[in-house]
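Taking it in order: structure first as structure tokens, then the write-up.
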């Protein structure tokens, strides 16, 4: 059975649907802190969430779909800065996000997790930054966003201290202004 767009919107506003999706996303996030991507199974996510596996498939097709939704939710929280000369909201958010768990981020960037987490995160961030750069009328916004996100993530994997934010602001300003 395929749901129409209207039915999907109504279903997504249902508190039970929202609660189930939140439990599945929370379970996956908890598991990512404890194990590598390859070790995580849909059955494990469902057990952790206290949700039947059949319910999982009503909301998501794969564990990667859950991860993509987590990233999409997080990207929605990023305030975009569209005025030229202002710092890029996406990169400021990234600095804050990395500061919450610098060792985890550095380990993941060094390939220590050997999973799909960082490539998917990089893609989601690049899409968000491309929106921001497009709003600023930056030429080749998608290419510039991919370059800035890749460079920022590599830099933040080794940078320590409060200098990281100002350094990224200066570097990105040189490239887009």
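Residue numbers (the numbering used here): 43 to 219. Don't be surprised by glycine CBs; every beta carbon is placed ideally from N, CA and C. Predicted, not measured: the structure shown is a model, and the values here were computed from it.
Item                                                                                                                                          : Value
Can at least three beta-carbon pairs, one atom from the stretch 117-128 and one from the stretch 173-180, be found at a separation below 8 Å? : yes
Would the beta-carbon of residue 114 fall within 8 Å of that of residue 183?                                                                  : no
Please find out if some non-hydrogen atom of the ligand NAD comes closer than 7 Å to the beta-carbon of residue 102.                          : This structure does not include the ligand NAD; it has no bound ligands of any sort.
Measure the alpha-carbon distance for residue 162 versus residue 78 and round it to whole angstroms.                                          : 14 Å
Suppose you measure from the CA of residue 217 to the CA of residue 193; what does that come to, to the nearest Å?                            : 12 Å
Using a Cβ-Cβ cut-off of 8 Å, state whether residue 80 counts as contacting chain C.                                                          : Checking the listed chains, one finds no chain C in this structure; it contains a single protein chain.
Would you check if the stretch 100-117 and the stretch 61-77 touch, i.e. whether three or more CB-CB distances between them fall below 8 Å?   : yes
What are the complete alpha helix (DSSP H) segments, minimum 4 residues, inside the stretch 50-135?                                           : 57-74, 84-91, 95-101, 105-118
For residue 70 and residue 87, I'd like the C-alpha separation in whole angstroms.                                                            : 6 Å
Quick check on the burial criterion: 16 or more other C-beta atoms within 10 angstroms. Buried or exposed for residue 219?                    : exposed
Classify residue 143 as buried or exposed, calling it buried when 16 or more other Cβ atoms lie within 10 Å of its own Cβ.                    : exposed
Starting from residue 191, follow the alpha helix (DSSP H) in both directions and report where the run begins and ends.                       : 183-200
On a Cα-Cα basis, can you pick out the residue from 128, 153, 116 that is closest to residue 138?                                             : 116
Would you report the Cα separation of residue 211 and residue 93, rounded to the nearest angstrom?                                            : 43 Å
Could you spell out the range, first to last residue, of the alpha helix (DSSP H) harbouring residue 162?                                     : 159-177
Whose CA, out of 148, 153, 159, lies closest to the CA of residue 107?                                                                        : 159
Please report the straight-line C-alpha distance between residue 100 and residue 170, rounded to a whole angstrom.                            : 27 Å
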